[in-house]
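Asker: The listed protein sequences correspond, in order, to chains A and Z. Mapping the first sequence onto this note's numbering, position 114 (from 1) lands on 1199, and the numbers just tick up by one. Mapping the second sequence onto this note's numbering, position 38 (from 1) lands on 1123, and the numbers just tick up by one. One structure is given below, represented as C-alpha cells, and several questions about it will come after.
There are 2 protein chains.
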Amino acid sequence: MVDTVERLLNAAENAVRARGFHAVSFRELADELGIKSASVHYYFRHKEDLGLALVERYAEKFFTQLEVNAANAGTPKEKVEAICQTYRDALISSDQMCLCGMLGAESNGLPAKLAQRVSRFFEGNVRWVSHALGDTLSEREADDKAHRIVATLQGAMMIATSLKRNAVFDQSISLIAAGVPDE
Amino acid sequence: MVDTVERLLNAAENAVRARGFHAVSFRELADELGIKSASVHYYFRHKEDLGLALVERYAEKFFTQLEVNAANAGTPKEKVEAICQTYRDALISSDQMCLCGMLGAESNGLPAKLAQRVSRFFEGNVRWVSHALGDTLSEREADDKAHRIVATLQGAMMIATSLKRNAVFDQSISLIAAGVPDE
DNA sequence: TTCTATTTACCTATCAATAGATAGATTGTA
DNA sequence: TACAATCTATCTATTGATAGGTAAATAGAA
C-alpha cells in the first residue's frame, strides 16, 4: 500500500541475502506482501529486473552509509575502519551476508547484466579502499591491499553466516586496520 | 558406465560451483551423463544426499591435497603458503570458486544437515591454519589470524569469480604470508 | 555345471508442486 | 475519462520425487 515497490524490495533483499537468487520466487514475495504474483510482475517484468533494482538500491545505500561512516575519518586507518564498520552493520543488523556477496557467488548462474552490475559493486569497493589508503603506498601496494581488505570483509561475512556466529566476523577483521598507515 | 557415481559427482560439483545448489537439477545432470533423471535418484535418493556426498568428497580431496602441499612446509609462513596454494589450485584449475564457499553463502537456504556439513569444512580450515601458525602467537591471536586468512581466501575466490579475473585472487592474497612468522 | 534367486543399473511413465510469465478484467482515484 | 494498481485465470516449462518394469550380471544351492 504505502509503497509496494519498497516493500517488495525489502522482502526480496531479505530472501535473496538469506537463500540466494534462484531460491526466491515471485509467489513467495507476493504472499509476504499479501498480493498476487502477477502484481509483482507489474512492478518488475522479469526476475532480472528485480535483481537489478535490488543491487542498485543496495549499492546506493551502501556507499551512502559508507560516506556517512567515513565523514570524520582523516587517516587511512580511520577510513578503513569506516568500511569495516559499514560491512559489520550490514551483517549485524540483519544477520545476513552481503547481497552482492551472495550474488557474486552465484554470478555464473545469473543473467549477464545482473552479474555485471554485481561486479561493479566490488570494483567500487576496491576503488574506495584503494583511494582511502592514500599515497603513502605505491599504486601497486594500495591496489593489492584494497583487494585483500574487500575480500576479507566478504569472506568474513560469508563464513560468519555459515557458522551462524557473528563473532567470527569480528575475529576475521580484527587485524585489518592494524596493517594500514596511521598517516 | 565406468563409474556413474563419480561422473555424477563431477558433473554436480561443476554445476554447483558455477551456479549454486538450487540452480542445479537432477535432469540437467542426467542429460550430461546421457542417462535419465530417475537414475540419478537411484544413486542419490534426495538432492540433499547428493549435496552431502559432494561436500564429503570435496573436503576429503581438499585436506588431502593440503597435506601434500604442506608436506615440506616447516615454518608457519610456509604452511600458510601451502593453504594459499591449495585454494589457488582449486580456483585456477576450474575457474570456479570453492564448493563450500558457494554452499556457505547459500547456507540459510540449504537442508540443515548440508549446511552443517559445510560449516564443518570452514571449522576444519580455521583449525588447520590456527595450528599451522604455531605457538609464537597467543591462542587468541592465532585464532583471529586464522579466521582472517580463511575469510580472505574465500572472499578472494568469490570476488575473482565475480570479476572473472583470477589475477584478483593473487592480488588479494599476496600479502597474507607477509604477516606470518618465519619462525 | 546348471538352475534359481537376488541385485545392480538402469528405464518408462507419471505425479503434484512450483516456476516465471502473460492476457485481460476490475477497482479506485484524480 | 484516464490511468494506476491490483486482480483472476491461465500457460508452458521445470522441479524433485516415486512407482513399477526390465535386461544383465552375480551369487548360491542342487
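Positions of the beta carbon are idealized from the N, C-alpha and C atoms, including for glycine.
Is it the case that the Cβ atoms of A:Ile1244 and Z:Phe1207 are separated by a distance below 8 angstroms?
Answerer: yes
Asker: Flag Z:Leu1184 as yes if its beta-carbon sits less than 8 angstroms from any beta-carbon of chain A, otherwise no.
Answerer: no
Asker: So, helix, strand or coil for Z:Thr1171, using DSSP?
Answerer: helix
Asker: Alpha helix (DSSP H) containing A:Gln1239: first to last residue?
Answerer: Glu1224 to Leu1248
Asker: Assuming Z:Arg1102 and Z:Ser1204 are in contact, meaning their beta carbons sit under 8 angstroms apart, how far apart are those beta carbons, in whole angstroms?
Answerer: The pair is not a contact, with the Cβ atoms about 18 angstroms apart (cut-off 8 angstroms).
Asker: Where do the N-terminal and C-terminal ends of the alpha helix (DSSP H) with A:Thr1149 fall, by residue?
Answerer: Lys1132 to Asn1154
Asker: Hey, how far is the Cα of A:Lys1063 from the Cα of A:Glu1145?
Answerer: Missing from the structure shown is residue 1063 of chain A; chain A here goes from 1086 to 1268 and no further.
Asker: Determine which residues of the region 1122-1146 of chain A have a Cβ less than 8 angstroms from any Cβ of chain Z, and write them out in chain order.
Answerer: none
Asker: If you draw a straight line from the alpha carbon of A:Val1140 to that of A:Gly1186, how long is it in whole angstroms?
Answerer: 11 angstroms
Asker: List, in chain order, every chain A residue whose beta-carbon is nearer than 8 angstroms to that of Z:Phe1207.
Answerer: Ile1244, Ser1247 and Leu1248
Asker: Determine the DSSP secondary structure at A:Val1109, reduced to helix, strand or coil.
Answerer: When secondary structure is reduced to three states using DSSP, A:Val1109 falls in the coil class, being assigned neither helix nor strand.
Asker: Taking Z:Glu1163 as the reference, which of Z:Gly1219, Z:Asn1095 and Z:Asp1116 has the closest Cα?
Answerer: Nearest option by C-alpha distance: Z:Gly1219.
Asker: List, in chain order, every chain Z residue whose beta-carbon is nearer than 8 angstroms to that of A:Ser1113.
Answerer: It should be pointed out that residue 1113 of chain A corresponds to Glu in this sequence rather than to Ser. Listed along the chain, the chain Z residues whose CB falls inside 8 angstroms of the CB of A:Glu1113 amount to none; the nearest CB is some 12 angstroms away.
Asker: Counting contacts by CB-CB distance shorter than 8 angstroms, is Z:Asn1251 in contact with chain A?
Answerer: no
Asker: Can you find the residues in the same chain that come closer than 7 angstroms, C-beta to C-beta, to A:Lys1198, ignoring five residues on each side of it along the sequence?
Answerer: Glu1133 and Leu1137
Asker: Below 9 angstroms on C-beta distance, what does A:Asp1174 contact in chain Z?
Answerer: Simply none; closest approach about 18 angstroms.
Asker: Report yes or no: do three or more beta-carbon pairs, one from the region 1231-1243 of chain Z and one from the region 1089-1103 of chain Z, lie closer than 8 angstroms?
Answerer: no
Asker: Assuming A:Gly1119 is part of the alpha helix (DSSP H), what are its boundary residues?
Answerer: Unbroken run through A:Gly1119: none, as it is neither H nor E.
Asker: Report the rounded CA-to-CA distance for Z:Gln1201 versus A:Leu1188, giving the unit in angstroms.
Answerer: 21 angstroms
Asker: What first and last residue would you give for the alpha helix (DSSP H) that runs through Z:Ala1100?
Answerer: Thr1089 to Arg1104
Asker: Which two residues bound the contiguous alpha helix (DSSP H) that contains A:Cys1183?
Answerer: A:Cys1183 -> no alpha helix (DSSP H), and no H or E assigned at all.
Asker: Of all the options Z:Gly1105, Z:Asn1099 and Z:Met1182, which has the alpha carbon lying nearest to the alpha carbon of Z:Phe1254?
Answerer: Of Z:Gly1105, Z:Asn1099 and Z:Met1182, the residue nearest in Cα terms is Z:Met1182.
Asker: Reducing DSSP to helix, strand and coil, say where A:Val1265 ends up.
Answerer: Here A:Val1265 sits in coil by DSSP.
Asker: What distance in whole Å lies between the Cβ atoms of A:Thr1246 and Z:Ser1192, which are believed to be in contact at a cut-off of 8 angstroms?
Answerer: Sure, about 6 angstroms apart at Cβ, within 8 angstroms.
Asker: Anyone know if the C-beta pair for Z:Leu1184 and Z:Glu1117 falls short of 8 angstroms?
Answerer: no
Asker: Could you spell out the range, first to last residue, of the alpha helix (DSSP H) harbouring Z:Asn1210?
Answerer: Here the alpha helix (DSSP H) through Z:Asn1210 covers Ala1197 to Ala1217.
Asker: Give the range of the alpha helix (DSSP H) segment to which A:Asp1220 is assigned.
Answerer: From DSSP, A:Asp1220 is part of no alpha helix (DSSP H); its letter is neither H nor E.
Asker: For Z:Ser1178, which of helix, strand or coil comes out of DSSP?
Answerer: helix
Asker: With a threshold of 8 angstroms between beta-carbons, can Z:Glu1191 be considered close to chain A, or not?
Answerer: So yes, Z:Glu1191 belongs to the interface.
Asker: Using a Cβ-Cβ cutoff of 8 angstroms, what residues of the region 1217-1235 of chain A are near chain Z? List them in chain order.
Answerer: Legend: CB atoms of the region 1217-1235 of chain A lying less than 8 angstroms from CB atoms of chain Z belong to residues Asp1228, Asp1229, Lys1230, His1232, Arg1233 and Val1235.
Asker: So which of Z:Thr1221, Z:Gln1256 and Z:Trp1213 has the shortest CA-CA distance to Z:Val1235?
Answerer: Z:Trp1213
Asker: Any beta carbon of chain Z sitting closer than 8 angstroms to that of A:Gln1350?
Answerer: Any property of residue 1350 of chain A remains undetermined from this structure, which presents chain A solely from 1086 to 1268.
Asker: My understanding is that Z:Leu1114 touches Z:Ala1100, with C-beta atoms under 8 angstroms, so please give their C-beta distance in whole angstroms.
Answerer: 7 angstroms
Asker: Of all the CB atoms in chain A, is at least one closer than 8 angstroms to the CB of Z:Ala1103?
Answerer: yes
Asker: Just to confirm the assignment, what range does the alpha helix (DSSP H) spanning Z:Phe1254 have?
Answerer: Ala1252 to Ile1258
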